[in-house]
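Notes follow once the structure below has been shown.
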Amino acid sequence: MSISSDEVNFLVYRYLQESGFSHSAFTFGIESHISQSNINGALVPPAALISIIQKGLQYVEAEVSINEDGTLFDGRPIESLSLIDAVMPDVVQTRQQAYRDKLAQQQAAAAPPASSTNIQGNAKNGENTANGEENGAHALPNNHADMMEVDGDVEIPQNKAMVLRGHESEVFICAWNPVSDLLASGSGDSTARIWNLSENSTSSSTQLVLRHCIREGGQDVPSNKDVTSLDWNSEGTLLATGSYDGFARIWTKDAPALDVDWQSNNTFASCSTDMCIHVCKLGQDRPIKTFQGHTNEVNAIKWDPTGNLLASCSDDMTLKIWSMKQDTCVHDLQAHSKEIYTIKWSPTGPGTNNPNANLMLASASFDSTVRLWDVDRGICIHTLTKHQEPVYSVAFSPDGRHLASGSFDKCVHIWNTQTGALVHSYRGTGGIFEVCWNAAGDKVGASASDGSVCVLDLRK
Numbered sequence: 249m250s251i252s253s254d255e256v257n258f259l260v261y262r263y264l265q266e267s268g269f270s271h272s273a274f275t276f277g278i279e280s281h282i283s284q285s286n287i288n289g290a291l292v293p294p295a296a297l298i299s300i301i302q303k304g305l306q307y308v309e310a311e312v313s314i315n316e317d318g319t320l321f322d323g324r325p326i327e328s329l330s331l332i333d334a335v336m337p338d339v340v341q342t343r344q345q346a347y348r349d350k351l352a353q354q355q356a357a358a359a360p361p362a363s364s365t366n367i368q369g370n371a372k373n374g375e376n377t378a379n380g381e382e383n384g385a386h387a388l389p390n391n392h393a394d395m396m397e398v399d400g401d402v403e404i405p406q407n408k409a410m411v412l413r414g415h416e417s418e419v420f421i422c423a424w425n426p427v428s429d430l431l432a433s434g435s436g437d438s439t440a441r442i443w444n445l446s447e448n449s450t451s452s453s454t455q456l457v458l459r460h461c462i463r464e465g466g467q468d469v470p471s472n473k474d475v476t477s478l479d480w481n482s483e484g485t486l487l488a489t490g491s492y493d494g495f496a497r498i499w500t501k502d503a504p505a506l507d508v509d510w511q512s513n514n515t516f517a518s519c520s521t522d523m524c525i526h527v528c529k530l531g532q533d534r535p536i537k538t539f540q541g542h543t544n545e546v547n548a549i550k551w552d553p554t555g556n557l558l559a560s561c562s563d564d565m566t567l568k569i570w571s572m573k574q575d576t577c578v579h580d581l582q583a584h585s586k587e588i589y590t591i592k593w594s595p596t597g598p599g600t601n602n603p604n605a606n607l608m609l610a611s612a613s614f615d616s617t618v619r620l621w622d623v624d625r626g627i628c629i630h631t632l633t634k635h636q637e638p639v640y641s642v643a644f645s646p647d648g649r650h651l652a653s654g655s656f657d658k659c660v661h662i663w664n665t666q667t668g669a670l671v672h673s674y675r676g677t678g679g680i681f682e683v684c685w686n687a688a689g690d691k692v693g694a695s696a697s698d699g700s701v702c703v704l705d706l707r708k
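Numbering-wise (this note's numbering), the sequence shown opens with residue 249 and increments by one.
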């Protein structure tokens, strides 16, 4: 018998996912380095952990009920065990002795022994129940039975991918500067980094490290907390970062200042686990607007290109569209079957560089799908289903014709937004947390759970 910690961790990770504990699964997957294992998740059936536990429980029941010579203990099986009973020390001797004591009490009271038929029937029914659940687990449809086949003409070759190394832990997020060829990334090593990817620059010598520190004992010390969110302002002069140390920071080339998703250069929105959305303005102590309506944690918020509409997504599996002109949501969009992790607006419609193209909203979910929405009509126009694991990031190309998506299945997919067709695909070495386009629309940046940042060159 061979059992590895990677195998045990993977089964626990899948159990958490299948049971709806998405956040716990996400955290456990990071800490146990699930994405770095060689296990093909598509070959593991649903409810695998429960199935193997049931088999172990049946084995312990057999130990309790059967003597060493293969005969039934006292001629009859012991009643079914609970899972906690089965892991107790000396369960075999304890249960057998308890059964002997029970029979002795019955005989001493001159009561007829319990019906053999009933006891056997109960045990048999219990066994059937266990087997039924086990067989049912194997009979569940395996939606990911086969690995996705990617046509050779859509796969991005390795010589078109640049991997930026420097972070010492998982890279949770990345964002292109809207003006210049700078890529910002945030990591679990308590730093954000700015990479200069201009044609006359080399990745190894032009990274700027932004260390997130807190004040302790009159000195700045590393916060040792993850940097999980960042965003550039529209002029590309300020970078906002959010960290698990509880602070939001604004960075220039020299020093830090304040917070994240910008409506303009001085107004931004924020969301939280309190299910509220606050719109804030620099220089004012209180929010200028607060939206309420989600029934679970709000994971992401994004302003549309005109700054008139604010989209939000939540663990309650809904997307909501808000306007500063009213307190209730304009649209409540429902279609995803699990938590929605992030959303992005297309750079199209009035007030953009693509005014004749329709405005769209993309959503990425733990149900492994990406959806494209026509917000004006409040309908889903495309469902993109090639990913095999939760999707953590989506990003539109500057012309709005393509959408990049990144998933914990280690894949970056590039889609045609008009047809919903897959046009490019790249498989990295770690689960993908974030994808983003450069201003020219010919490169895609992707940050991964193994600490790498990958740059995909889509030029022919």
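Here a beta-carbon is modelled for each residue, glycine too, at the ideal position from N, C-alpha and C.
- Message: Report the CB separation of Ile404 from His672 in whole angstroms; it is logged as a contact under 8 Å.
- Response: 6 Å
- Whose C-beta lies closer than 6 Å to the C-beta of Arg262 among residues of the same chain, with five residues either side of it excluded? Same-chain partners within the cutoff: there are none.
- Query: Rounded to a whole number of angstroms, what is the C-alpha to C-alpha distance between Asn257 and Thr633?
  - Reply: Rounded to the nearest whole angstrom, the C-alpha separation of Asn257 and Thr633 is 26 Å.
- Item | Bridge partners - Arg675, DSSP secondary structure assignment | Cys659.
- Query: Considering only C-alpha positions, which residue in the set Leu557, Ala548, Gly679 and Leu567 is nearest to Gly597?
  - Reply: Leu557
- Message: Output needed for Thr538: all residues of its chain with C-beta closer than 8 Å, excluding positions within five of it in sequence on either side, in chain order.
- Response: Cys524, Ile525, His526 and Val527
- Message: How far does the beta strand (DSSP E) with Gly490 in it extend, from its first residue to its last?
- Response: Leu487 to Ser491
- Kindly list the residues whose CB is nearer than 7 Å to the CB of Glu375, restricted to its own chain and excluding five residues on each side of it in sequence; keep chain order. Per-residue confidence for Glu375 stands at a pLDDT of 36, beneath the threshold of 50, marking its modelled position as unreliable; the derived number appears in the next sentence. Closer than 7 Å at Cβ, skipping near neighbours: no residue.
- Task: Determine the direct distance from the alpha carbon of Asp622 to that of Asn573, and round the result to whole angstroms.
- Result: One point to set straight first is that residue 573 is Lys, not Asn, in the sequence displayed. C-alpha separation (whole angstroms): 21 Å.
- Could you check the C-alpha separation between Asp552 and Ser253 for me, to the nearest Å? 45 Å
- Task: Tell me whether the beta-carbon of Tyr640 lies closer than 8 Å to the beta-carbon of Ala612.
- Result: In contact: Tyr640 and Ala612 (Cβ atoms closer than 8 Å).
- Query: How is the beta strand (DSSP E) around Glu682 delimited, first residue to last?
  - Reply: Ile680 to Trp685
- Query: Per DSSP, Ser560 forms a beta bridge with which residues?
  - Reply: DSSP lists Ile549 and Lys568 as partners of Ser560.
- Can you list the alpha helix (DSSP H) stretches of 4 or more residues lying completely in the region 569-604, in chain order? none
- Message: On the criterion of 16 or more Cβ atoms from any shown chain inside 10 Å, does Ala517 qualify as buried, or is it exposed?
- Response: buried
- Item | Alpha-carbon to alpha-carbon, Leu259 and Ile287 | 10 Å
- Item | For Arg619, three-class secondary structure by DSSP | strand
- Cα-Cα separation, Ser267 to Leu297: 11 Å
- Query: How would you call Asn547, buried or exposed, if buried means at least 16 neighbouring beta carbons within 10 angstroms?
  - Reply: buried
- DSSP state of Asp647 mapped onto helix, strand, coil: DSSP places Asp647 in coil when its eight states are reduced to three.
- Message: Here's a check: name, in chain order, each residue in its chain whose Cβ is nearer than 7 Å to the Cβ of Leu456, leaving out the five neighbours to either side.
- Response: Here the set comprises Arg441 and Ile442.
- Query: Are the CB atoms of Arg619 and His584 nearer to each other than 8 Å?
  - Reply: yes
- Ser645 to Leu412, Cα distance in whole Å? 21 Å
- Which residues in the same chain as Glu682 place their Cβ atom closer than 6 Å to its Cβ, once the five residues preceding and following it in sequence are excluded? Ile421, Cys422, Ser641 and Ser695
- Residue range of the alpha helix (DSSP H) that His271 falls in? Ser270 to Glu279
- Helix, strand or coil for Gly436, going by three-state DSSP, please let me know. Of the three classes helix, strand and coil, the one that applies to Gly436 here is coil, per DSSP.
- Item | Coarse secondary structure for Ile314, derived from DSSP in three states | Secondary structure of Ile314 (DSSP, three-state): strand.
- Message: Suppose the cutoff is 7 Å on Cβ atoms and the five residues either side in sequence are ignored; what does the same chain contact list for Leu581 look like?
- Response: Thr566, Leu567, Trp621 and Gly626
- Query: Buried or exposed: which applies to Phe274, given that a residue is buried once 16 or more other Cβ atoms fall within 10 Å of its Cβ?
  - Reply: buried
- Item | Which listed residue (Ser330, Leu445 and Thr543) has its alpha carbon closest to that of Lys303 | Ser330
- Message: Can you list, in chain order, the residues of its chain with a C-beta nearer than 6 Å to that of Thr600? Leave out the 5 residues immediately preceding and following it.
- Response: Pro553.
- DSSP three-state call for Phe258: helix, strand or coil? helix
- CB Lys550 to CB Asp509, shorter than 8 Å? yes
- Message: Just verifying my parser: in three-state terms, what is the DSSP assignment at Ile287?
- Response: Residue state, collapsed to three classes: coil.
- Item | 8 Å Cβ cutoff met for His415 and Gly699 | yes
- Message: What residue range does the beta strand (DSSP E) around Asp705 cover?
- Response: Secondary structure note for Asp705: its beta strand (DSSP E) is the uninterrupted segment Val701 to Asp705.
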